[in-house]
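A.B. asks: Got a structure here, written out as structure tokens. Questions coming.
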Ligand code: SF4
């Protein structure tokens, strides 16, 4: 009983990832690509993705850009405002490793120096296809991880 | 006793209205997507959203009033679902019928709007505060034309009770077409009540984050979303009963089909309006409602009174 409820919850989380987009000091190219991925051309609503204005409603935090020292506190705060379970996706080479800004005196090198990251999407800028691919891969790994957790938590394997 | 419990809880009560509300959200989003030449969400999307929100963590802001913050979404849900019980579905008698229940339904449908205001107020967040002020301002502009427009057909029937209005227009053939002005006014005002584009000023994402619901997370937000969807259905059913008073005496199955078709028609109108227009400013909204909608609603009342006086002679 509890298992099937847990399965239903996992299914619903996979089917409705709501995203919020936060610029952590990108050169703006990655932001434009993120916004482009949300336009009718790519139609992400097919997968239940919706852009939300507030971190309180979001499940996935899309960050672009290396973290500037100024914005680090805000990033951590926004991350903490999101309700569990939450995912962070680093979009663009800068967000993954610092990219061209690596080594600057006013920058951290990558999102993962401030908050834990679940998926990295490289590219300068990361194209909308790559962003969609990255998010679906994140969801797939989440699905597999949850399925494993379910299996190991009980003695009987998960049946439908 | 048991029969009435089944009626309240399953059909045409809460379960029916729950399913109908999710279907209404799906229809709205799908139509919206198709009109933008997109594929749109799959049919289970509203249900998946609802379950996901229910299973998320609940965060209550430190400054917010904990009790009221938790109770408000449930009040909103209960109010809109209760309003639905008074509206006729497949036969002219609604589940609970009393004299003047059209007025009662309009007042019950005002409660969710007030809870949105209070929700923003008690969240103690700047964005929610702005949102709740906008909710109130907007309410004062659409509520008057809506009330006048919905009550206008009742003037001709000399009654503000659903069953009597339906019986009156049912015996008069196509007389209900005369209420077309107030139907247009009511549809526009309902668009404002449901906070849909072009009147989604209270939750304008691009300006004030998410308006009154900015601080609401997880289950509580799910209830608010559900309340808004049930409100769509209840408002559509209200308009269907008042402005399209036909097809109520055709038995159970045919009656349900006609009822669903009417609700679908109103949702299509709302979705088309949502696709065509962009958001307008608060002052434009207030001016539009008081300058155009209210006089039009008054005109309809005048027409109905004149017809009634002419018929009496
Ligand atoms: S990865 Fe390239 S495009 Fe993206 S923010 Fe960095 S420099 Fe700009």
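Protein chains in written order, with this note's numbering: chain D, 1315 to 1474; chain Z, 252 to 564. Just so you know, even glycine gets a beta-carbon here, dropped at the ideal spot from N, CA and C.
1. Taking 7 Å as the cut-off, is the C-beta of residue 1414 (chain D) nearer than that to any heavy atom in the ligand SF4?
2. Using a Cβ-Cβ cut-off of 8 Å (strictly less than) and excluding sequence neighbours within five positions of residue 1366 (chain D), which residues of its own chain qualify?
3. Compute every distance between the C-beta of residue 1423 (chain D) and the non-hydrogen atoms of the ligand SF4, then say whether any falls below 7 Å.
4. Where do the N-terminal and C-terminal ends of the alpha helix (DSSP H) with residue 284 (chain Z) fall, by residue?
5. Please confirm if residue 1459 (chain D) has its CB atom under 8 Å from at least one CB of chain Z.
6. Going by DSSP in three states, residue 1378 (chain D) sits in which element: helix, strand or coil?
7. Relative to the alpha-carbon of residue 474 (chain Z), which residue among Z:267, Z:285, Z:274 and Z:331 has its alpha-carbon at the smallest distance?
8. Use the C-beta contact count for residue 1474 (chain D): other C-beta atoms within 10 angstroms, 16 or more gives buried, fewer gives exposed.
9. Enumerated in chain order, which unbroken segments of the alpha helix (DSSP H) with a length of 4 residues or greater are wholly contained in the stretch 389-428 of chain Z?
10. Can you give the beta carbon distance from residue 1398 (chain D) to residue 308 (chain Z), rounded, assuming they're within the 8 Å contact cut?
11. Tell me the DSSP bridge mates of residue 1336 (chain D)?
12. Using Cβ-Cβ distances below 7 Å, what residues of the stretch 453-474 of chain Z are close to chain D?
13. So residue 1393 (chain D) is in the alpha helix (DSSP H); what residue range does that whole segment cover?
14. Residue 294 (chain Z): buried (16+ other C-beta within 10 angstroms of its C-beta) or exposed?
15. Just to confirm the assignment, what range does the beta strand (DSSP E) spanning residue 1434 (chain D) have?
16. At least one CB of chain D closer than 8 Å to the CB of residue 287 (chain Z): is that the case?
17. Which first and last residues belong to the alpha helix (DSSP H) in which residue 320 (chain Z) is found?
18. Unbroken alpha helix (DSSP H) runs of length 4 or more, entirely within the stretch 1333-1372 of chain D: which are they?
19. Could you check where the alpha helix (DSSP H) with residue 464 (chain Z) kicks off and where it finishes?
20. Please give the ranges of any alpha helix (DSSP H) in the stretch 429-515 of chain Z, keeping only runs that are unbroken, at least 4 residues long and fully inside the region.
21. Counting pairs of beta carbons, one from the stretch 384-404 of chain Z and one from the stretch 484-501 of chain Z, are three or more of them closer than 8 Å?
22. Nearest CA to the CA of residue 313 (chain Z): which residue from D:1361, D:1377, D:1362 and D:1395?
23. What does a CB cutoff of less than 7 Å around residue 359 (chain Z) pick up in its chain, not counting 5 residues either side in sequence?
24. Where does residue 340 (chain Z) fall in DSSP's three states?
25. Taking the straight line between their C-alpha atoms, what separation do you get for residue 440 (chain Z) and residue 1465 (chain D)?
26. Any idea what DSSP makes of residue 1401 (chain D), helix, strand or coil?
27. Can you tell me whether residue 1315 (chain D) is buried or exposed, with buried defined as 16 or more other CB within 10 angstroms of its CB?
28. Does DSSP put residue 252 (chain Z) in a helix, in a strand, or in coil?
29. In the DSSP assignment, the alpha helix (DSSP H) including residue 540 (chain Z) goes from what residue to what residue?
30. Using only the alpha-carbon positions, how far apart do residue 481 (chain Z) and residue 1437 (chain D) sit?
31. Any beta carbon from chain Z within less than 8 Å of residue 1357 (chain D)'s own beta carbon?
C.D. replies: Taking the geometry as given:
1. yes
2. 1332, 1333, 1334 and 1372
3. Result no, Cβ not under 7 Å from the ligand SF4.
4. Run containing residue 284 (chain Z): 265-286, per the alpha helix (DSSP H) assignment.
5. no
6. Of the three classes helix, strand and coil, the one that applies to residue 1378 (chain D) here is strand, per DSSP.
7. Z:331
8. Unreliable placement is indicated for residue 1474 (chain D), whose pLDDT of 40 sits below 50; the coordinate value is still reported in the next sentence. Exposed, because fewer than 16 other Cβ atoms sit within 10 Å of the Cβ of residue 1474 (chain D).
9. Listed in chain order, the complete alpha helix (DSSP H) runs (minimum 4 residues) inside the stretch 389-428 of chain Z are 413-421.
10. 4 Å
11. D:1377
12. Within the stretch 453-474 of chain Z, the residues whose Cβ lies closer than 7 Å to some Cβ of chain D are 456, 460, 461, 465, 466, 467, 468, 469 and 472, listed in chain order.
13. 1383-1395
14. A residue is called buried when at least 16 other Cβ atoms come within 10 angstroms of its Cβ; residue 294 (chain Z) does not meet this threshold and is exposed.
15. 1433-1435
16. Residue-level contact by beta carbon holds for residue 287 (chain Z) and chain D, with a gap shorter than 8 Å.
17. 317-336
18. 1343-1351
19. Where residue 464 (chain Z) is concerned, there is no enclosing alpha helix (DSSP H), given that its DSSP letter is neither H nor E.
20. 431-444, 456-459 and 469-494
21. yes
22. D:1395
23. 330, 333 and 334
24. coil
25. 52 Å
26. strand
27. Burial call: exposed.
28. Under the three-state reduction of DSSP output, residue 252 (chain Z) falls in the coil class, being neither helix nor strand.
29. Taken as a continuous stretch (DSSP letters only), residue 540 (chain Z) belongs to no alpha helix (DSSP H), as it is neither H nor E.
30. 44 Å
31. yes
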